[in-house]
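So in the numbering used here, spot 135 of the sequence shown is number 562, and the numbers just go up one at a time.
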Amino acid sequence: MDTDVEQQQNNMDTDFEQSATAVNTVLEQFTTLATVPHDPPTTITTGPEVLYRLTKAAQFYPVLRDNSNGFDLPLQNDLHLEPFTILKVNLGVCIQFPPNFCGLLINKSSAITLFKTKVYLGLIDHGYTKELQAVIQNISQHPQFLPAGLAIAQLLVIPAPIPKFTMCLADNLPKETERGGFGSTGQHFERVLPSF
428 MDTDVEQQQN NMDTDFEQSA TAVNTVLEQF TTLATVPHDP PTTITTGPEV LYRLTKAAQF
488 YPVLRDNSNG FDLPLQNDLH LEPFTILKVN LGVCIQFPPN FCGLLINKSS AITLFKTKVY
548 LGLIDHGYTK ELQAVIQNIS QHPQFLPAGL AIAQLLVIPA PIPKFTMCLA DNLPKETERG
608 GFGSTGQHFE RVLPSF
């Protein structure tokens, strides 16, 4: 019994050491990136052009990588986040989407797994051309340091035709539209047991 507990403790220690090593490696990479001038992103695929410009304060380009659905948006300045703090952060880039496209600003998985930081989902409408901003939260009980150049968010450029409809005020809505709220369509599923 004691050997099981010791083995579990050893596994936990190993997992912690591997996580700490991974975080330190990422921080070293981004410290290096902070001192190296970056080339602008290149066109990887064909399709409508997404125009962008950097703000005067920007230090880092957005990065578009092969086989990625979105492009990475790096922090332009070092960021210190106290536990559970929420901040709005400028990302140093302005975007002009082509007609019938918009952007979804989302978290990078590494922001949560390595830095315990959440980027809140944001919809960027086709007509918005000011500097992109992210709402970021430290979701841990400890202060977090995020270095300039660290990609914490990614932007998906998605087709989204602007719908054509008219809003009409009504006294009543048809009864068949009145279904329940959250969870009303069911939340419990039958377990699928493996067949042998």
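Where a beta carbon is used, it is the ideal one built from N, C-alpha and C, also for glycine.
Using the Cα positions of A561 and L532, report the straight-line distance between them to the nearest angstrom.
8 Å
Quick check: the Cα distance between Q568 and K543, rounded to an integer number of angstroms? 9 Å
### Which listed residue (L559, N565 and N504) has its alpha carbon closest to that of I539
N565
_Limits of the unbroken beta strand (DSSP E) element including T667_ = The structure shown does not extend to residue 667, since the chain spans only 428 to 623, so no value can be given for it.
For K624, name the three-state secondary structure that DSSP assigns. Given that the chain is displayed from residue 428 to residue 623, the structure contains no residue 624 and the question cannot be resolved.
Who are K515's beta bridge partners in DSSP? V562
*Spatial neighbours of V584 in its chain, beta-carbon cut-off 7 Å, leaving aside the 5 residues before and after*: V477, F524, F528 and G530
Give me, in chain order, the residues of the same chain whose beta-carbon lies closer than 7 Å to that of N496; leave out the 5 immediate sequence neighbours on both sides. L583
Query - Beta-carbon contacts of T459 that lie in its chain and below 7 Å, excluding the five residues immediately before and after - result: The predicted model places T459 with a pLDDT of 43, which falls under 50 and marks its position as unreliable; any figure quoted below should be read in that light. Excluding residues within five positions, none has a Cβ falling inside 7 Å.
**Asked** What span of residues does the beta strand (DSSP E) with I589 cover, start to end?
**Response** From DSSP, I589 is part of no beta strand (DSSP E); its letter is neither H nor E.
Cα-Cα separation between F487 and T593, rounded to whole angstroms: 42 Å
#### Entry: Simplified DSSP assignment, three categories, for K602
helix
Could you check if F616 is buried or exposed, using at least 16 other CB atoms within 10 Å of its CB as the buried criterion? exposed
Going by DSSP, which residues form a beta bridge with V643? One cannot answer for residue 643 here, as it falls past the ends of the chain, which runs 428 to 623.
Please report the straight-line C-alpha distance between I551 and D598, rounded to a whole angstrom.
33 Å
Q. Between Q368 and I522, what straight-line distance do the alpha-carbon atoms span, to the nearest angstrom?
A. Lying outside 428 to 623, the shown extent of the chain, residue 368 is not represented and no answer is given.
How would you label L548, buried or exposed, when you count the other beta carbons within 10 angstroms and need 16 or more for buried?
exposed
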